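Protein sequence lines correspond, in order, to chains A and B. Start counting the first sequence at 0; every next residue gets the next number (numbering that gives the first Met the number 0). Start counting the second sequence at 0; every next residue gets the next number (numbering that gives the first Met the number 0). Here is the structure we will look at.
2 protein chains.
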Amino acid sequence: MTVRTLEWVDDHIDVVDQTALPQWRRVALRTVDDVVDAIGRLVVRGAPALGVLGALGVALAARQHADGDLDAVRADADRIASARPTAVNLSHGVRAVLPAVERGPDAALAAARQLLEDDALACAALSRRGAALLRERVGPQPMVLATHCNAGALACVDWGTALGVVRALHGEGLVRMVLVGETRPLLQGARITATELVALDIPHRVIVDAAGPGLIATGAVDAVVVGADRVAANLDVVNKVGTYGLALASARAGIPFVVAAPESTLDPVAPDGVAVTVEERDGAEVLQFGGHRVAPAESTALNPAFDITPADLVTAIVTESRVLHRT
Amino acid sequence: MTVRTLEWVDDHIDVVDQTALPQWRRVALRTVDDVVDAIGRLVVRGAPALGVLGALGVALAARQHADGDLDAVRADADRIASARPTAVNLSHGVRAVLPAVERGPDAALAAARQLLEDDALACAALSRRGAALLRERVGPQPMVLATHCNAGALACVDWGTALGVVRALHGEGLVRMVLVGETRPLLQGARITATELVALDIPHRVIVDAAGPGLIATGAVDAVVVGADRVAANLDVVNKVGTYGLALASARAGIPFVVAAPESTLDPVAPDGVAVTVEERDGAEVLQFGGHRVAPAESTALNPAFDITPADLVTAIVTESRVLHRT
């Protein structure tokens with residue numbers, strides 16, 4: 000991607016509307032309400048991007064309370080940080096900018112922009128490290144990789160985590176095929192990851208999420224690489240619902256299951272995955288499609304957005320500065 | 000269900016159009032072309048129902064070649080038997096009626112109708128046996144069950160296999176909740192199983208397929224019960240794609256993973272699951288929804304309809320006459 004997923008332009012935050020993909024549309028977030036709404040509706044999603052948006056959102060709040068009402072800025076910051084509960088990056092981004100707010104709106108914006116640049120650098124670094132790990136474990140022949148949801152440039156600023164690893168391997172001619180879980184209910188895989196792979200000219204096939212474990216069992220997949228929304232102190236990984244099934248299948252098939260995430264996704268406060276709040280989203284996301292009801296009117300849905308992959312199923316967690324694993 | 004999924008009426012086969020559910024619509028299959036088309040488009044689906052449709056289809060062919068052209072009937076029978084490759088019941092149903100064809104169209108129809116009645120009895124019997132097994136393993140408190148795809152009355156004649164077990168347990172007050180995997184790409188869970196559960200007044204929640212393993216890991220599910228499209232000689236189970244992930248999660252959580260299927264689903268000729276042809280369906284089922292493209296135009300899909308669950312992950316296979324398990 001030569002464009003950035005989100006950036007500061009003049010007096011507002013400019014973002015790719017990820018609900019519209021594969022159609023490209025950018026929208027302007029001009030108020031804190033806009034920011035909170037964009038997070039809730041997944042206009043912006045992906046743990047690293049949420050971190051940057053949290054930071055830019057606080058900068059926006061500081062600008063709008065340029066009279067110096069710090070309490071009002073802090074109240075806005077709280078609203079932003081709690082717009083979604085699971086990705087730790089969001090509150091991390093908010094907290095990173097808050098101290099600068101006391102020095103005025105320009106200082107807040109500078110701090111937020113620094114976080115944005117740091118994210119871009121972190122993703123590039125962890126992508127190289129993840130690629131090196133997979134080259135060593137699976138290579139040197141071109142490999143079939145499976146991924147889930149979107150942990151690409153559109154989940155970050157301009158490079159990506161799991162898809163950054165894929166992109167780095169592709170640059171070395173080491174990607175034969177990427178299997179992309181469509182990622183129900185909101186289809187971030189089919190809509191967003193596939194769009195990025197098309198742009199990068201990387202061969203790929205979209206699969207229904209339920210097909211991932213069975214395809215891994217056939218021996219068709221060399222490694223799985225995914226992002227994370229939060230990594231607990233014991234290295235349990237909280238990521239998009241469906242990740243756990245891929246990890247179970249990878250362990251049984253004996254292939255690497257690699258998590259690519261910046262250090263800002265690590266949460267030393269949560270002792271394990273069970274301690275992390277898993278967001279439950281509106282059942283209508285499951286029961287309707289494009290405004291059309293697919294289930295009977297009397298039926299309800301259960302719609303957890305994430306699941307927990309225990310650390311013993313994770314081959315490695317790759318960050319911009321290190322490789323973590325339990326054993 | 001007080002109506003039958005498929006039956007012989009006057010001079011044709013009358014079936015519920017399962018592509019239209021949750022809207023109810025019956026269609027008449029008047030020619031062998033109609034039958035082959037109905038199988039290919041999943042107007043009729045579900046292993047036991049396919050067996051009965053195969054039988055009725057041969058009876059229809061015999062009637063249309065009442066001049067006694069047995070070669071023409073056999074050619075029609077071959078077309079029907081090969082309309083889908085994975086469910087063994089289809090060819091089983093066709094083969095069961097072929098010997099009667101030599102005695103004329105009425106004898107063929109009588110044989111097909113006998114198979115239909117046998118299916119109804121078999122499902123009722125295996126449902127009682129499966130319910131007894133789960134009552135013993137999980138009960139006596141009301142349980143949370145998870146299922147996938149549709150192995151209910153609409154997959155059979157008028158009772159169901161996996162959903163027959165649920166129905167029998169519900170009759171004893173032993174079902175607290177059923178979690179139904181929506182079953183992408185064609186949503187047989189959200190559209191068909193949920194419709195049956197509404198009709199039976201059984202509490203249920205629809206989930207995306209990717210959520211099943213993670214919910215099992217939280218301890219929220221007491222047992223998984225599914226149907227099968229083919230059971231190999233070593234008791235590997237071939238069933239709707241997504242079954243394998245539920246089996247992996249069940250094994251790790253230590254909960255029963257039960258397969259409910261009539262004896263006609265057992266295939267002693269296939270030594271193991273890997274020997275069974277897994278149907279690959281059109282990628283458009285994944286890439287489009289309701290005629291609306293969800294992935295980029297340049298993307299393609301891989302769309303296996305089934306996966307293989309190794310026998311060591313299966314707690315028990317319950318048929319109308321016995322309980323099978325590997326260990």
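Cβ coordinates follow ideal geometry from the N, Cα and C atoms, glycine included. Bear in mind that the values here come from a model prediction, so they are computed numbers and not experimental data.
- Residues of chain A whose Cβ lies closer than 9 Å to the Cβ of His-203 (chain B) are, in chain order, Ser-298 and Thr-299.
- In the displayed model, Ile-307 (chain B) falls within a strand according to three-state DSSP.
- Note that the segment 117 to 131 of chain B touches the segment 259 to 269 of chain B; at least 3 beta-carbon pairs, one per stretch, sit closer than 8 Å.
- Between Val-93 (chain B) and Ala-76 (chain B) the beta-carbon gap is near 5 Å, inside 8 Å, which marks them as a contact.
- In chain B, no part has a C-beta under 9 Å from the C-beta of Leu-234 (chain A); the shortest such distance is about 16 Å.
- With a cutoff of 7 Å on beta-carbon distance, Arg-321 (chain B) and Ala-310 (chain B) are scored as not near each other.
- Inter-residue distance for Gly-163 (chain A) and Glu-6 (chain A) is about 19 Å (C-alpha atoms, whole angstroms).
- Asn-233 (chain B): not part of any beta strand (DSSP E); DSSP gives it neither H nor E.
- Under the Cβ distance rule, Ala-145 (chain A) does not count among the residues neighbouring chain B, no pair being separated by less than 7 Å.
- In the DSSP assignment, Ala-315 (chain B) falls within the beta strand (DSSP E) that extends over 315 to 317.
- Not a single C-beta of chain B is nearer than 7 Å to the C-beta of Leu-41 (chain A).
- Listed in chain order, the alpha helix (DSSP H) runs fully inside the segment 22 to 86 of chain B are 31 to 39, 46 to 63 and 69 to 80, counting runs of at least 4 residues.
- Contacts with chain A (Cβ-Cβ distance below 8 Å) from the segment 190 to 216 of chain B involve Arg-190, Ala-193, Thr-194, Leu-196, Val-197, His-203, Arg-204, Val-205, Ile-206, Val-207, Asp-208, Ala-209, Ala-210, Gly-211, Pro-212, Gly-213, Leu-214 and Ala-216, listed in chain order.
- When the five nearest sequence neighbours on each side are left out, the beta carbons in the same chain lying within less than 7 Å of the beta carbon of Pro-84 (chain B) are those of Thr-276 and Glu-278, in order along the chain.
- The beta carbon of Arg-183 (chain A) falls within 7 Å of a beta carbon belonging to chain B, placing the residue at that interface.
- Residue-level contact check: Leu-186 (chain B) touches chain A, since one or more beta carbons of chain A fall below 7 Å from its beta carbon.
- Unbroken beta strand (DSSP E) runs of no fewer than 3 residues, entirely contained in the segment 190 to 261 of chain B, are found at 203 to 206, 222 to 225, 229 to 231, 236 to 239 and 256 to 259, following chain order.
- Nearest C-alpha to Lys-239 (chain A) among A:Val-31, A:Glu-135, A:Phe-305 and A:Cys-155: A:Phe-305.
- Judged by pairs of C-beta atoms under 8 Å, the segment 222 to 230 of chain A touches the segment 239 to 258 of chain A, as three or more such pairs exist.
- One thing to note: Leu-108 (chain B) has its Cβ no nearer than 7 Å to the Cβ of Thr-4 (chain B).
- Chain B places no beta carbon closer than 7 Å to that of Val-224 (chain A), leaving this residue out of the contacts.
- From the listed residues A:Gly-170, A:Val-220 and A:Leu-301, the smallest Cα separation to Ala-210 (chain B) is found for A:Leu-301.
- Contact residues of the segment 238 to 258 of chain B toward chain A are Val-240, Gly-241, Tyr-243, Gly-244, Leu-247, Ala-248 and Arg-251 (C-beta to C-beta distance below 7 Å).
- Looking at the backbone, the Cα of Met-142 (chain B) and that of Asp-200 (chain B) are separated by about 16 Å.
- Beta-bridge annotation (DSSP): Thr-299 (chain B) is paired with A:Arg-204.
- In this structure, the beta-carbon distance from Glu-181 (chain A) to Val-197 (chain A) does not fall below 7 Å.
- Contact of Pro-303 (chain B) with chain A is assigned, a C-beta pair being separated by under 7 Å.
- Here the alpha carbons of Gly-56 (chain B) and His-11 (chain B) stand approximately 9 Å from one another.
- The beta carbon of Leu-247 (chain B) sits closer than 8 Å to the beta carbons of Pro-212 and Leu-312 from its chain, once the five residues preceding and following it are set aside; these are given in chain order.
- At least 7 Å separates the beta-carbon of Gln-17 (chain B) from that of Arg-40 (chain B).
- For the segment 278 to 295 of chain B, the set of positions with a beta-carbon nearer than 7 Å to some beta-carbon of chain A reads Val-285, Leu-286, Phe-288, Gly-289, His-291, Val-293, Ala-294 and Pro-295 in chain order.
- Per DSSP, Val-277 (chain B) lies in no alpha helix (DSSP H) and is assigned neither H nor E.
- Per the coordinates, the alpha-carbon of Gly-218 (chain B) lies some 17 Å from the alpha-carbon of Leu-133 (chain B).
- Within the model, the alpha-carbon separation for Arg-166 (chain B) versus Ala-110 (chain B) is close to 29 Å.
- Counting every other CB atom within 10 Å of its CB across the protein chains shown gives Leu-69 (chain A) a total below 16, marking it as exposed.
- Residue state for Gly-290 (chain A) is assigned as coil, using DSSP reduced to three classes.
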